[in-house]
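Asker:
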Amino acid sequence: MASKGSLRKIVDSIYWCNLYKYVDREKYNPNEDVEKTKDYEVFDLFAGRFLQLFNRPAFKDFLSFRAEYPADLKLLLMTYFENMEKIDAKVVVSAKELGSWLNGVAYRAAKKC
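Residues -14 to 98 in our numbering are what the sequence shown spells out, letter by letter.
Following this line, the structure appears as structure tokens:
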């Protein structure tokens, strides 16, 4: 990824991950500020660890936070699944499509309630 010049974009995009627990990383709310800062610090620590170690335990820690991940992280995740977990690219793409479909179904079901 570094040799392709993609690593900087990936590292920068990690900052723009939004934890579902909070509306926005940069939006100030005095009621949640201390806890929010702590959660994002731990998330950033896990993200950094995943980028450095690129192994299964670090990956699990990184994804242990429910978050909205920017599209720029697609290359990172695809590289991890294909190279480290040895999962065929077609399977990864298929799983991504299934996840998108499930999210859409869940959204529409919740909207009806």
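Positions of the beta carbon are idealized from the N, C-alpha and C atoms, including for glycine.
1) Closer than 8 Å: is that where the CB of Tyr54 sits relative to any heavy atom of the ligand NAP?
2) Anyone know if the C-beta pair for Ala35 and Phe47 falls short of 9 Å?
3) For the candidate residues Asn88, Ala43 and Lys59, whose alpha-carbon lies nearest to that of Val27?
4) With a threshold of 16 other CB atoms inside 10 Å of the CB of Lys21, please say whether the residue is buried or exposed.
5) Can you name, in chain order, every residue of its own chain whose Cβ lies under 6 Å from the Cβ of Tyr0, other than the five neighbours on each side?
Answerer: Taking the coordinates as given:
1) The model depicted lacks the ligand NAP and carries no ligand whatsoever.
2) Residue 35 is actually Phe in this sequence, not Ala. It is a contact, given that the beta carbons lie within the stated cut-off.
3) Distance from the Cα of Val27 is smallest, within the candidate group Asn88, Ala43 and Lys59, for Ala43.
4) Label assigned to Lys21: buried.
5) Excluding residues up to 5 positions away in sequence, nothing lies with its Cβ nearer than 6 Å to the Cβ of Tyr0 in the same chain.
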